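Asker: Letter 126 of the sequence shown, counting from 1, is numbered 126 in the UniProt record's numbering, and no numbers are missing. What follows is a structure written as structure tokens; I'll ask about it next.
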Amino acid sequence: MRTDDFWAVIDRATADRPASPAEVAERAVAELAAVDPEEIVAWGLHLEKVMVASGTEDLWAAAYLINSGADEAGFDAFRGWLIAHGRKAVAAAVQKPDVLANVAVIKEAADTGAVFEAEEVLGIAERAYQQATGSPLPSGARPRTRPEVADLWDFDNEDEMRRRLPKLSALFLEPPM
């Protein structure tokens, strides 16, 4: 599956009106359930590629800051939320996670405490395959989609957070004394 074909499914799931990540997932599942099961598998493999590409330390730090913490599952779910917002959003956030400080709902979250997670987006291929075939999605060797926790810099180090993610830190951290 080509990258453009993968993102076209997400684009069509968000077409015509803004959609919540849950709606994006439902629409994508419905579309994929109607195609050849091999295409669903290919779509799922491409999702893994997106997860690998987005599994950066600084994006994880951004998720940690925005969501007031993010363990492995929380980081994955944050990236599901990001994927539901499309290719440009993912590319921008992977390239420079601090750009997330410019997103209106994230700015609002500094006051509201909203959490951005969409685990359902990560299950699109599994659900579509199950609907199409009545069987679980074939599993193979799964690539590592994020750094090892032990290898991460200390996300509770506010000085390092401010250095790496200054705009997000200004939103979510108390001013330094």
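Don't be surprised by glycine CBs; every beta carbon is placed ideally from N, CA and C. This structure is a prediction, so every number in the text was calculated from the model and none was measured.
Taking a contact to mean a Cβ-Cβ separation below 9 Å, would you say Val41 touches Pro138 in this structure?
Answerer: For the purposes of this step, residue 41 is taken as the residue at position 41 of the sequence shown. For the purposes of this step, residue 138 is taken as the residue at position 138 of the sequence shown. Against a cut-off of 9 Å, the Cβ pair of Pro138 and Val41 comes out as a contact.
Asker: Compute the distance between the beta-carbons of Val104 and Ala22, then report whether it is under 9 Å.
Answerer: Against the sequence shown, residue 104 aligns to sequence position 104. Against the sequence shown, residue 22 aligns to sequence position 22. One point to set straight first is that residue 104 is Ala, not Val, in the sequence displayed. It is not a contact, given that the beta carbons lie outside the stated cut-off.
Asker: Would you call the CB atoms of Trp43 and Asp5 closer than 9 Å?
Answerer: Walking along the sequence shown from the start, residue 43 turns up at place 43. Walking along the sequence shown from the start, residue 5 turns up at place 5. Contact: yes.
Asker: Label Val90 either buried or exposed according to how many other C-beta atoms from any shown protein chain fall within 10 Å of its C-beta, with 16 as the threshold for buried.
Answerer: Mapped onto the sequence shown, residue 90 falls at position 90. It is buried - the Cβ of Val90 has at least 16 other Cβ atoms within 10 Å.
Asker: Could you tell me which of Phe116, Leu47, Ala30 sits nearest to Arg2, measuring between CA atoms?
Answerer: Mapped onto the sequence shown, residue 2 falls at position 2. Taking only the C-alpha atoms, the option nearest Arg2 is Leu47.
Asker: Here's a check: name, in chain order, each residue in its chain whose Cβ is nearer than 7 Å to the Cβ of Ala53, leaving out the five neighbours to either side.
Answerer: Locating residue 53 in the sequence shown gives position 53, counting from the first residue. Answer for Ala53: Val94, listed in chain order.
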